[in-house]
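A short write-up of the structure that comes next.
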Amino acid sequence: MKRIFPGLAFICFFIIAGNDLLAQTKIGHISIQDLVSAMPEFKKASTDLEELEKALIAQGDEYQTEYARQDSIYRTDSINWNSATKEVKRRELNTISLKVINFNQDAQQKLARREQELVAPIQEKALQTTRLVAKENGYSYILNKEQLLVSPTSDDVLPLVLKKLGITVPAPESKK
294 MKRIFPGLAF ICFFIIAGND LLAQTKIGHI SIQDLVSAMP EFKKASTDLE
344 ELEKALIAQG DEYQTEYARQ DSIYRTDSIN WNSATKEVKR RELNTISLKV
394 INFNQDAQQK LARREQELVA PIQEKALQTT RLVAKENGYS YILNKEQLLV
444 SPTSDDVLPL VLKKLGITVP APESKK
């Protein structure tokens with residue numbers, strides 16, 4: 294009896310698994326990066342991010358210039374100052390230095406937050422459209438091409454998703 298149960302379970306497993314294996318599984322793959330970068334919304338978001346980055350860099354440059362100016366004044370004029378004035382000016386210089394450091398950190402965080410705010414909805418739209426295309430075309434699985442080292446033969450669904458989004462991609466140039 295003890296030998297029959299494992300054998301019976303083994304046979305039942307293969308009967309159930311066999312039915313699934315007999316069913317045709319359609320597998321596709323897509324490069325989400327390529328899809329998102331082809332979307333017009335992403336191009337607009339990239340432009341917005343570049344503008345924000347330029348503005349933050351300009352503001353950071355102003356802080357750096359102010360620090361360099363104050364440092365230059367401190368180095369040239371501190372010879373003529375008494376110790377109390379030197380101490381006050383040194384603290385002011387340290388405050389400006391901390392302001393520059395904090396600004397740089399805050400700017401990086403602000404840029405990352407803004408990128409997330411702009412790109413997340415675009416990625417979500419790309420994923421929803423990919424799911425819709427998979428369902429409409431009978432795909433059981435759509436794999437993200439960037440995360441695969443080895444994969445079974447599958448269809449590239451990027452052209453189908455781009456078509457669904459109304460994005461036309463020029464055909465690759467033929468080699469002459």
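Per our numbering, the sequence shown starts with residue 294, numbered consecutively.
Here a beta-carbon is modelled for each residue, glycine too, at the ideal position from N, C-alpha and C.
Remember, it's a predicted structure, so these values are computed and weren't measured experimentally.
Exercise. Would Thr423 be called buried (16 or more neighbouring beta carbons within 10 Å of its own) or exposed?
Worked result: What you label residue 423 is simply residue 130 of the sequence shown in a count that begins at 1. Result: buried.
Exercise. By how many angstroms is the C-alpha of Asn395 removed from the C-alpha of Ser324?
Worked result: Working through the sequence shown from its first residue, we reach residue 324 at position 31. Working through the sequence shown from its first residue, we reach residue 395 at position 102. Spanning the two alpha carbons is a distance of roughly 37 Å.
Problem set entry | Own chain, CB closer than 6 Å to Tyr367, minus 5 neighbours either side, in chain order | Indexing the sequence shown from 1 puts residue 367 at position 74. Result list for Tyr367: Lys382 and Leu386, in chain order.
Exercise. Which of the three DSSP states, helix, strand or coil, is assigned to Gly431?
Worked result: Position 138 of the sequence shown, counting from 1, holds the residue named residue 431. Three-state result, Gly431: coil.
Exercise. Alpha carbon to alpha carbon, what distance is there between Thr461 and Leu436?
Worked result: On the sequence shown, residue 436 is found 143 positions in, with the first residue counted as 1. On the sequence shown, residue 461 is found 168 positions in, with the first residue counted as 1. So the alpha carbons of these two residues sit roughly 22 Å apart.
Problem set entry | Gly459 - partner residues in DSSP beta bridges | Position 166 of the sequence shown, counting from 1, holds the residue named residue 459. Answer is none; Gly459 lacks a bridge partner.
Exercise. For Leu349, which of helix, strand or coil comes out of DSSP?
Worked result: On the sequence shown, residue 349 is found 56 positions in, with the first residue counted as 1. Helix, per DSSP.
Problem set entry | C-beta atoms of Tyr360 and Ile389 nearer than 7 Å | Your numbering for residue 360 matches position 67 in the sequence shown. Your numbering for residue 389 matches position 96 in the sequence shown. Cβ atoms of Tyr360 and Ile389: closer than 7 Å.
For this session: Just the C-alpha distance for Asp370 and Gln363, rounded to the nearest angstrom, thanks.
Result: One-based indexing of the sequence shown puts residue 370 at position 77. One-based indexing of the sequence shown puts residue 363 at position 70. Near 10 Å, if we compare the C-alpha coordinates of Gln363 and Asp370.
Problem set entry | For Leu458, the nearest candidate out of Glu355, Ala419, Leu442 and Asp327 (CA to CA) | Locating residue 458 in the sequence shown gives position 165, where the first residue counts as 1. The candidate whose alpha carbon is nearest that of Leu458 is Ala419.
Problem set entry | Simplified DSSP assignment, three categories, for Leu441 | If you number the sequence shown from 1, residue 441 lands on position 148. If DSSP states are grouped into helix, strand and coil, Leu441 belongs with coil.
Exercise. What residue range is occupied by the uninterrupted alpha helix (DSSP H) comprising Ile325?
Worked result: Within the sequence shown, the letter at position 32 stands for residue 325. Ile325 to Ala331 is the span of the alpha helix (DSSP H), which, as asked, contains Ile325.
For this session: Count the C-beta pairs between the stretch 339-348 and the stretch 406-419 that are closer than 8 Å, then say yes if the count reaches three, no if not.
Result: yes
Exercise. To which residues of the same chain is Ser433 closer than 6 Å at the C-beta, ignoring the five residues directly before and after it?
Worked result: Residue mapping note: residue 433 aligns to position 140 of the sequence shown, counting from 1. Thr318 and Lys319, listed in sequence order.
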